[in-house]
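Our numbering applies: residue 1 is where the sequence shown begins, and numbers increase by one.
Notes to accompany the following structure.
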Amino acid sequence: MSALYSEPEHRGYSIDQLKVGMTAFFSRAITDADVVSFSQLSGDTNPVHLDERYAAATPFNGRIVHGFLSASLISAAIALQLPGPGSIYLSQNLSFKAPVRIGDMVEARVTVKEVLTERGRVVLSTICSVGDLVVIEGEALVKAPSHG
Numbered sequence: 001m002s003a004l005y006s007e008p009e010h011r012g013y014s015i016d017q018l019k020v021g022m023t024a025f026f027s028r029a030i031t032d033a034d035v036v037s038f039s040q041l042s043g044d045t046n047p048v049h050l051d052e053r054y055a056a057a058t059p060f061n062g063r064i065v066h067g068f069l070s071a072s073l074i075s076a077a078i079a080l081q082l083p084g085p086g087s088i089y090l091s092q093n094l095s096f097k098a099p100v101r102i103g104d105m106v107e108a109r110v111t112v113k114e115v116l117t118e119r120g121r122v123v124l125s126t127i128c129s130v131g132d133l134v135v136i137e138g139e140a141l142v143k144a145p146s147h148g
């Protein structure tokens, strides 16, 4: 266990506890420090994320957050809440609908679409939004924990 790990309050759901329609949320305001750190960690130093002067001349009229930084909040909702700790990501598709700006509060929502009990898997609808604006939508396939 790493020093950053702390025992979750909610231990998640086992495959047999999951039901279609169950939903979980994870939200966070994306800071400039988050964007810089993500850029360093990922190696994505596209100036549209880091250089205000450059980004001002793009169709975005200013800096935008990396799409995968925003999408990473989906992973947090899955890992921490639904299905929760012990979940294993198998696949994720994403469609980026609108840019996220530094300072935006991004909410990731995951909703159970289908439970594949015999395979221990769950299909989740995944959506990120800023207020009422959907910025990312997609679908994930996750192996759910076999224990509750």
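Note that CB positions come from ideal geometry on N, CA and C, so glycine has one too.
Please identify the residue among the options whose C-alpha is closest to the C-alpha of residue i.
{"i": "Val20", "options": "Ser125, Val134, Ser146", "result": "Ser125"}
{"i": "Glu118", "options": "Gly43, Leu18, Leu133", "result": "Leu18"}
{"i": "Gly131", "options": "Leu69, Leu116, Asp104, Val65", "result": "Asp104"}
{"i": "Leu133", "options": "Leu116, Glu139, Ile88, Pro99", "result": "Pro99"}
{"i": "Ser42", "options": "Ile88, Ser75, Phe68", "result": "Phe68"}
{"i": "Arg28", "options": "Val115, Ile88, Leu116, Ile74", "result": "Ile74"}
Per DSSP, what kind of secondary structure is residue i in: helix, strand or coil?
{"i": "Val36", "result": "helix"}
{"i": "Phe60", "result": "coil"}
{"i": "Ala77", "result": "helix"}
{"i": "Ile87", "result": "Checking the sequence, you will find Ser at residue 87 rather than Ile. Looking at Ser87 - three-state DSSP - the assignment turns out to be coil, as it is neither helix nor strand."}
{"i": "Ala29", "result": "strand"}
{"i": "Thr111", "result": "strand"}
{"i": "Ala144", "result": "coil"}
{"i": "Leu50", "result": "helix"}
What does a CB cutoff of less than 6 Å around residue i pick up in its chain, not counting 5 residues either side in sequence?
{"i": "Gly86", "result": "Pro145"}
{"i": "Thr111", "result": "Thr23, Ser125"}
{"i": "Lys113", "result": "Val123, Ser125"}
Do the CB positions of residue i and residue j come within less than 8 Å of each other?
{"i": "Ala77", "j": "Ala24", "result": "yes"}
{"i": "Lys97", "j": "Arg121", "result": "no"}
{"i": "Ile136", "j": "Leu94", "result": "yes"}
{"i": "Leu82", "j": "Leu141", "result": "no"}
{"i": "Ala108", "j": "Phe26", "result": "yes"}
{"i": "Val189", "j": "Ile30", "result": "Here the chain covers residues 1 to 148 and nothing more, so residue 189 does not appear."}
{"i": "Gly233", "j": "Gly138", "result": "Nothing about residue 233 can be reported from this structure: the residues present for the chain run from 1 to 148 only."}
Return the chain-ordered list of same chain residues with a C-beta closer than 8 Å to the C-beta of residue i, the five sequence neighbours on each side being excluded.
{"i": "Arg63", "result": "Val35, Val48, His49, Leu50, Asp51, Glu52, Ala55, Arg101, Ile102"}
{"i": "Thr45", "result": "Ser39"}
Under 7 Å Cβ to Cβ from residue i, same chain only, skipping five residues before and after it: list those, please.
{"i": "Ala71", "result": "Leu94, Cys128, Ile136"}
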